[in-house]
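Residue numbering for the sequence shown follows numbering that gives the first Met the number 0, beginning at 0 and increasing consecutively.
C-beta: ideal position from N, C-alpha, C; glycine also.
As the structure is a computational prediction, the values presented were derived from the model and not from experiment.
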Amino acid sequence: MNFRFFDQTAASLLAALLLIAAPGAGMAGSLAGSVGDKRFSPVLPSSLKDPCNKAYKAYVAASGHSAYATTGFIRVMDGYVLCGAKYNAPSQQAAEDLAMKSCQSGLAHYKVAAGSQCQIAASK
């Protein structure tokens, strides 16, 4: 009878530990669906087929460290938005660096007028 008491106690303790540990394990697994560290709300073009819209949606859906960079708000008035993104990088800092490089290469490619700057809008 003494062993029966220990079996029930051990099972109860194990169940309690699993209940406590399970939410933390789920949170650490995936970043998919999370906006992450949002520095400002990116202005997205109205067309759902626009590459920046697609890039932002892919950023939110990415399960690893990712970043989304875009030109500032004033650029929308000029008729364009340039962006860059990096998905599932080894770290958040690496994702930010690569997203900035991607956005800046767009600025160089399209030879955008002075005043445009890429900024990290969100990263996770």
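Around the beta carbon of S90, fewer than 16 other beta carbons sit within 10 angstroms, so the residue counts as exposed. Sorting N87, A60, Y55, I119 by C-alpha distance to the C-alpha of A31 places A60 at the top.
The region 46-56 and the region 103-110 do not touch, with fewer than 3 CB-CB distances between them shorter than 8 angstroms. Distance from the CA of S101 to the CA of P44, rounded to the nearest whole angstrom, comes to 18 angstroms.
Counting along the chain, A68 sits inside the beta strand (DSSP E) bounded by residues 64-70.
The C-alpha of G35 lies about 4 angstroms from the C-alpha of K123. For the set A94, T70, Y55, the Cα lying nearest the Cα of G63 is the one of A94.
Shown here for L97: same chain residues with a beta carbon closer than 7 angstroms to its own, the five before and five after excluded, namely K85, A88 in chain order.
Beyond the five residues adjoining it in sequence on each side, A57 comes within less than 8 angstroms, by CB distance, of A84, Y86 in the same chain, given in chain order.
Just measuring C-alpha positions, the residue of P41, S65, A66, Q92 sitting nearest V80 is P41.
S65 counts as buried, since at least 16 other C-beta atoms from the protein chains shown sit within 10 angstroms of its C-beta. Rounded to the nearest whole angstrom, the C-alpha separation of S115 and C82 is 11 angstroms. Within the DSSP bridge table, the entry for G83 names A68 as partners.
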